[in-house]
Structure formats: C-alpha cells, structure tokens
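To start, the structure itself, in structure tokens.
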Amino acid sequence: MKTFYIETFGCQMNAHDSEKVIGTLVDQGYQQVLTPEAAELVFYNTCSIRDKAEQKVFHRLDQFKRDAKGKTFAVLGCVAQQEGEKIFEKAPHVSMVCGSASYNQLPQMLVQLEAGNRRVTGLSLDTDETFDTPMTRRDNPHRAYITIIEGCDKKCSYCVVPFTRGPERSRTSASVIAEAAQLAAMGYSEIQLLGQNVNSYRDPSPAGWDFAKLLDEVGRVAGIRRVRFTTSHPRDFVKPIIDAIDSNPSLCNHVHLPVQSGSTRMLDAMQRLYTREEYMQRIAWMKAARRPIAITSDIIVGFPGETEADFEATLGLLTEVEYDSVFAFKYSRRPNTPALALEDQIPEEEKARRLAIVQEHQRQIQIRRNAAYVGAIEECLVEGFNKATGQWIGRTSQYKTLNFLHPAAGEAFAGQSGSAGKSGLLGQYVDVRVTRSGANSLAGEYAG
Ligand code: SAM
Ligand code: SF4
32 MKTFYIETFG CQMNAHDSEK VIGTLVDQGY QQVLTPEAAE LVFYNTCSIR DKAEQKVFHR
92 LDQFKRDAKG KTFAVLGCVA QQEGEKIFEK APHVSMVCGS ASYNQLPQML VQLEAGNRRV
152 TGLSLDTDET FDTPMTRRDN PHRAYITIIE GCDKKCSYCV VPFTRGPERS RTSASVIAEA
212 AQLAAMGYSE IQLLGQNVNS YRDPSPAGWD FAKLLDEVGR VAGIRRVRFT TSHPRDFVKP
272 IIDAIDSNPS LCNHVHLPVQ SGSTRMLDAM QRLYTREEYM QRIAWMKAAR RPIAITSDII
332 VGFPGETEAD FEATLGLLTE VEYDSVFAFK YSRRPNTPAL ALEDQIPEEE KARRLAIVQE
392 HQRQIQIRRN AAYVGAIEEC LVEGFNKATG QWIGRTSQYK TLNFLHPAAG EAFAGQSGSA
452 GKSGLLGQYV DVRVTRSGAN SLAGEYAG
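In the numbering used here, the protein residues as written are 32 to 479.
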C-alpha cells in the first residue's frame, strides 16, 4: 500500500477539494500519513489568490529540492493551473501538476505516475463537469461541505479565480439534495453550500431551480438543522434569498456578502458590477428581515488609484453596515488580471497603513455589536472543548463563536489531552446564556 501526505492552502473550496482528493486516493488503495517525511506521494493543494499564498507552496517544495528522498511530488489547485508546466522548471522534483477542473482525471493520472511517468499534467479548463465523487473523506464530524457550483464567470479586474478555476458549472439540484440526504443519514446536521459565487447557481436539469429554491430545499432535508452558504456575489444577491432565510429556520441567519470597497469609483475599476447604493440595497433587505441576520464581508485596500477619499468611503460603509466580521486584504497584483496594467499602484507601506486602520475600525464595531448579545440566550452547535480554559466551544446560527461553561462537563475531560474529546455534548445543540463579549467571540453559561 502506498502512502500519501496532503497539505491544503487557501479557501473552503480548496479544503473541500482536498477532502474529495483524499477520498479518491483512499479508494485507489493509498493510505494517508500525517507528515511529508513519512509519505511516498506528497500533494500540495495550492492557493494563488494573493502573492503570499502562492509563495508558500514554493517554500514547501524548496525544502525537498536537494534531496527528494525517492518521493513523488504533486502540485494541485490554483497555483498548478496558473503556472502549469513552468512548475516543472521551478521545481524539477515535481511530477504532477493538476488544476481543480481536471480532478476527475486523478485516478488515471495516478496510474500514469505508477507506470513511471515523470511528468503528468491535468491543466484543461475545457470541462462542463464538476468533481463529483462518492469517496469524499470529511474532516469535520458535524458540518459537511457540498459544492453546488464550481468556477466563476465574473471578471473582477484583480482576481485570478476565473483563470484558475474556469467557467461556472452548476450541479443538478437532484444530486445536491441526494448528497444532503446522504449526509443527514450519516449523522451530519449542518451543511455548508460552497461556490465562488453560490448565488449564481443555475440548475442545469429541467427542474431549473435557482439558488433561493435550492437553499430552501436543502434546509427541508430531514435531519439537517443548519444550512450555511458561501460566498455570495452582491450582483446576483436577490430578495428571495432573504425571504427563504426568513421563512425556513434551518437556514442560518448569516450572509457573507463581500463588498471589496465603499467607493463606487473603485467598484467600477474593480469591475464588480454594482454600485455602493445597489450594495446598500441588499444590506437594507437583510436589516429588514424578521430574524437578525449577521453580515460579514471582504475588503481590499490599496487597489490601484484608491485615493484617501475612496478609502474614507470604505470606512464610512463599515460604520453604516456595522458588519459582524470582515476579512480585509492588501491588494495583491496577480498574473493575467486586467488590474496588473493599471497605473497608480499604491505603495506597500500605504496599503499596510490602510489595512491596519480598517482592522482597528472594524474591531471597534465588533466590540459594540457583540456587547449587544450579553443577556441573550443563543442556540449553539457544540464543536469542541478547550481543556486550558475548561470551556466548551459553541457556534451560533450567526456563526459567532460562543465559549461556555457546563456544570458537569469539565470533569468528563479531567486527564484527557487535546482540545476536544469524545463526549455527549459534542455535536449537540444547546442553549447558552451570553454573559460576556469581546471583539471576536462571546462567552456564556449553559442554559439547557
Ligand atoms: N467570489 C467571491 C466574491 O466575489 O466576493 C470572492 C472569492 S475570493 C477567493 C476571496 C476574497 O479574496 C475576495 O473577496 C477578495 O476580497 C480577496 N481577493 C481576491 N483577489 C485579491 C487580490 N488580487 N488582492 C487582494 N485580495 C484579493
Ligand atoms: Fe474573483 Fe470576482 Fe469571481 Fe469573486 S466574483 S471569484 S472576486 S472574479
């Protein structure tokens, strides 16, 4: 039996792709090991969204450059697709380069490697197929990912994804519902629907469901108590999605809706396909919902040409929306993207200054927002136990971390190592009274 090691970089789509790759490898008779040293086959599932992410894989490969110790190296994912055969020049000890649109061909590629082929590639983006495999190996015992749409048809001027993940391909609604039902039967109670733009979903089967319909139906699968989805694109974010959340309690009241900038001038330069006003219309729908919906976002600072006034507009938008959480990034120049040619690139120190301001501004907003939960009772899915603090780690429907004390549970862990162990509470839904709040989490006491 051959052994393999896999390390994953980047987003949830990559994490889930790795789960499917692991399932495929195990099905082919390979055994997973926990270190590259112990493995015959070493896989890196890579991210190229920002330059820093891309550099990580080359650092990893460098470690084995002089002495590959008889191992076979494979580069998967976005860097593989972006750099293609150039990877063989940069790192001659790599034998396989495969982008996500070609994962369907992994079993054949493994056969070629075993037959002694030194260079195997899967780089075609010319596919209508998604990577559907029944052999997925899932990491989280309670929450399972389901990819509903792969690729991206938008062309944001800063972004590599359309080049690395190819055009949009949606799965049939029947296959998504069947997978959700199968996961429920296996004991999963939470589903996270995945796609670069989940809400651009278009059912290719005659049923013709849109995203709001699919979301609602997944939430009606027996045994599924929570449904999340990420990421949504503001342009395709329609009111029926909010109506579905309002009417179906299984749909979590959390929407991740990346805005990128608060300045319409910048949004235009980024080719985001919406104005600040159109974005704020979506926020108004969410704020008017019957259930309080947590809203989170992504921000890019220092896009070429971003003036102090544009940057101020972003800070003003953060104040107006009052996000529950924000991922902020310094603009990173990416190969092939239209923004590469733009003049007026912002100096690195200035980007760093703006990033620090955004992060502090948002931290203050989160402190205020989270304080409003003190005294409330929130339902949590128990995801872990922190032995150091004696607290259970819960997750609310709004995706907030709520650490809490349970009268008896700490004792169940006396003498155990690690941050989580097997116990009656893990995977359960419990009510917790919030007693304290911080910028990034809540704390409380078990309330039933
Ligand atoms: N499809 C999603 C959307 O349009 O909102 C985003 C997907 S992307 C994988 C995740 C985030 O990375 C983006 O929302 C953006 O904030 C950030 N990002 C993408 N390209 C970037 C770049 N060149 N520099 C900095 N951040 C970038
Ligand atoms: Fe990238 Fe824009 Fe597509 Fe999101 S919508 S993946 S940011 S091109």
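Here a beta-carbon is modelled for each residue, glycine too, at the ideal position from N, C-alpha and C.
Short Cβ contact (7 Å threshold) for residue i with residue j
i    : j    : result
F35  : Y61  : yes
L412 : L473 : no
R256 : S220 : yes
G130 : L154 : yes
S188 : M301 : yes
M166 : D58  : yes
M222 : A175 : In the sequence under discussion, the amino acid at residue 222 is Ile, which differs from the Met named in the question. Cβ atoms of I222 and A175: closer than 7 Å.
H287 : T262 : yes
Q459 : L436 : no
L246 : V332 : no
F162 : Y134 : yes
A470 : R394 : yes
Y355 : A325 : According to the sequence displayed, residue 355 carries Asp and not Tyr. The answer is yes: Cβ separation under 7 Å.
A211 : V252 : yes
V110 : V88  : yes
Q291 : P335 : no
G425 : V465 : no
V207 : I180 : no
T427 : E409 : yes
R168 : G182 : no
G293 : L371 : no
V357 : I330 : yes
D241 : S204 : no
N- and C-terminal bounds of the beta strand (DSSP E) containing residue i
i    : result
H47  : Where H47 is concerned, there is no enclosing beta strand (DSSP E), although the alpha helix (DSSP H) it sits in stretches over Q43 to D58.
E199 : Element bounds for E199: n/a, residue is neither H nor E.
K361 : S356 to K361
R251 : Taken as a continuous stretch (DSSP letters only), R251 belongs to no beta strand (DSSP E), as it is neither H nor E.
I179 : Unbroken run through I179: none, as it is neither H nor E.
F35  : T34 to T39
E221 : E221 to L225
F260 : R257 to T261
V461 : Y460 to S468
D97  : For the record, residue 97 in the displayed sequence is Arg; it is not Asp. Neither: R97 is in no beta strand (DSSP E) and is coded neither H nor E.
A370 : Premise fails: A370 is in no beta strand (DSSP E) and is neither H nor E.
L436 : T432 to L436
T427 : Q422 to T427
For residue i, the first and last residue of its enclosing alpha helix (DSSP H)
i    : result
A209 : S204 to A216
Q390 : E379 to A402
S278 : K270 to S278
F239 : Here residue 239 is Gly; the residue named in the question, Phe, does not match the sequence. No alpha helix (DSSP H) contains G239, which DSSP labels as neither H nor E.
E85  : D82 to D93
M297 : T295 to A300
Q112 : C109 to E114
G347 : E339 to V352
Y310 : R307 to K318
Whole-Å CB distance - residue i paired with residue j, under 8 Å assumed
i    : j    : result
N76  : L107 : 5 Å
L225 : M32  : Not confirmed; about 31 Å, so no contact.
T152 : V128 : 5 Å
K186 : H264 : At roughly 12 Å, the Cβ-Cβ gap does not stay under 8 Å, so K186 and H264 are not in contact.
V52  : L137 : 7 Å
V192 : Q227 : 6 Å
I272 : A243 : 5 Å
Residue i CB to nearest heavy atom of the ligand SF4 below 6 Å
i    : result
V192 : yes
Q213 : no
K418 : no
K102 : no
C187 : yes
C183 : yes
Beta-bridge pairing of residue i - partner residues as DSSP gives them
i    : result
H287 : T327
R149 : According to DSSP, R149 bridges with nothing at all.
M127 : A105 and V151
F119 : Note: F119 sits in no beta bridge, so no partner.
T77  : G108
A474 : N434 and R467
F416 : W423
C411 : T427 and V461
Residue i Cβ short of 6 Å to the ligand SAM heavy atom set
i    : result
S363 : yes
T262 : yes
N228 : yes
I331 : yes
R81  : yes
F242 : no
C42  : yes
P289 : yes
F334 : no
F360 : yes
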